[in-house]
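A.B. asks: Okay, handing you the structure first.
Residue numbers (full-length UniProt numbering): 1 to 248.
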């Protein structure tokens, strides 16, 4: 309990203190699972796919590792002794840890999935899992997280601040709904790159989302309307392919 309090109180300080610069670009993944065989299998598969895994049998052991080691992503079970996955995720988000978290569990009801996302999980898999699919989801989470590392994007007089989900244009602050902001941030992070609707849906709404893919079009249209007077960028429709942002 003292360790958890310390983590929450000094979350950002600890996070920065133990951040390691990796010359070989190997990502560190914390695997939190009380089943020894499954934990070992997940670590083995992740290591074979170029990641560095760190095993933990429960949430408390995971917090101990986080005190000493910089972690890029967490794969966590929910039902564990001492501290479960919900409690671990909630405590990390409270301490401003923003690494992606993939929950893997036997709990498959909608309410369990809803709770996982509400406490801060980024993705969710139901056991029994395909470890190869797990690796694909980990890769997708890293791609999604990559655009948030810098926190701010600037296009001339336009600035997007990821920490506050706000856009400042010519000195005026604009508040955007979360999905609109994430969509715009994604497109503007890669000027001139074409993104398909499916790619945007997977990365902004999640792989398991049951939302109609045309929701992407609706959000794009809203962004165009909001920024129709902005001369810094334009969202272009590439017929048959998807969307891209170009500098004006």
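Every residue, glycine too, gets a C-beta built ideally from N, C-alpha and C.
Measuring CB atoms only, is the region 130 to 142 touching the region 45 to 52, in the sense that at least three cross pairs come out at less than 8 Å?
C.D. replies: Because the criterion of three Cβ pairs below 8 Å is met, the region 130 to 142 and the region 45 to 52 touch.
A.B. asks: Look at residue 232 and residue 158 and say whether their C-beta atoms are less than 8 Å apart.
C.D. replies: yes
A.B. asks: If residue 195 sits next to residue 178, beta carbons under 8 Å apart, how far is it from one beta carbon to the other, in whole angstroms?
C.D. replies: With 8 Å as the limit, residue 195 and residue 178 do not qualify as a contact, their Cβ atoms being about 18 Å apart.
A.B. asks: Cα-Cα, which of 44, 198 and 183 is closest to residue 240?
C.D. replies: 198
A.B. asks: Identify every residue that forms a DSSP beta bridge with residue 246.
C.D. replies: DSSP, once it has assigned bridges, lists 234 as partnering residue 246.
A.B. asks: What are the start and end residues of the alpha helix (DSSP H) that includes residue 89?
C.D. replies: Counting along the chain, the unbroken alpha helix (DSSP H) around residue 89 starts and ends at 85 to 94.
A.B. asks: Assuming residue 121 and residue 88 form a contact by the criterion Cβ under 8 Å, report the distance between their Cβ atoms to the nearest whole angstrom.
C.D. replies: With a Cβ gap of about 10 Å, residue 121 and residue 88 do not count as contacting.
A.B. asks: Rank 118, 78 and 45 by C-alpha distance to the C-alpha of residue 127 and give the top, closest one.
C.D. replies: 78
A.B. asks: So which of 114, 243 and 221 has the shortest CA-CA distance to residue 200?
C.D. replies: Ranking 114, 243 and 221 by Cα distance to residue 200 puts 243 first.
A.B. asks: Can you give the Cα-Cα distance for residue 98 and residue 83, rounded to whole angstroms?
C.D. replies: 19 Å
A.B. asks: The beta strand (DSSP E) that contains residue 169, what's its start and end?
C.D. replies: 166 to 169 is the extent of the beta strand (DSSP E) around residue 169.
A.B. asks: Can you look up residue 125 in the DSSP assignment and give me helix, strand or coil?
C.D. replies: DSSP places residue 125 in the strand class (E or B) of the three-state scheme.
A.B. asks: Using only CA atoms, which one of 206, 210 and 192 lies nearest to residue 247?
C.D. replies: 192
A.B. asks: To the nearest angstrom, how far is it from the Cα of residue 171 to the Cα of residue 156?
C.D. replies: 12 Å
A.B. asks: Compute the Euclidean distance between the alpha carbons of residue 66 and residue 34, then round it to the nearest angstrom.
C.D. replies: 17 Å
A.B. asks: Name the residue from 215, 211, 133 and 208 whose alpha carbon lies nearest to the alpha carbon of residue 254.
C.D. replies: The structure shown does not extend to residue 254, since the chain is modelled only from 1 through 248, so no value can be given for it.
A.B. asks: Flag this pair as yes or no: are the beta carbons of residue 180 and residue 219 separated by less than 8 Å?
C.D. replies: yes
A.B. asks: Determine whether the beta carbon atoms of residue 74 and residue 101 lie at a separation below 8 Å.
C.D. replies: yes
A.B. asks: For the beta strand (DSSP E) that residue 106 lies in, which residues bound it at each end?
C.D. replies: Unbroken run through residue 106: none, as it is neither H nor E.
A.B. asks: Under 7 Å Cβ to Cβ from residue 228, same chain only, skipping five residues before and after it: list those, please.
C.D. replies: Nothing listed; no residue qualifies.
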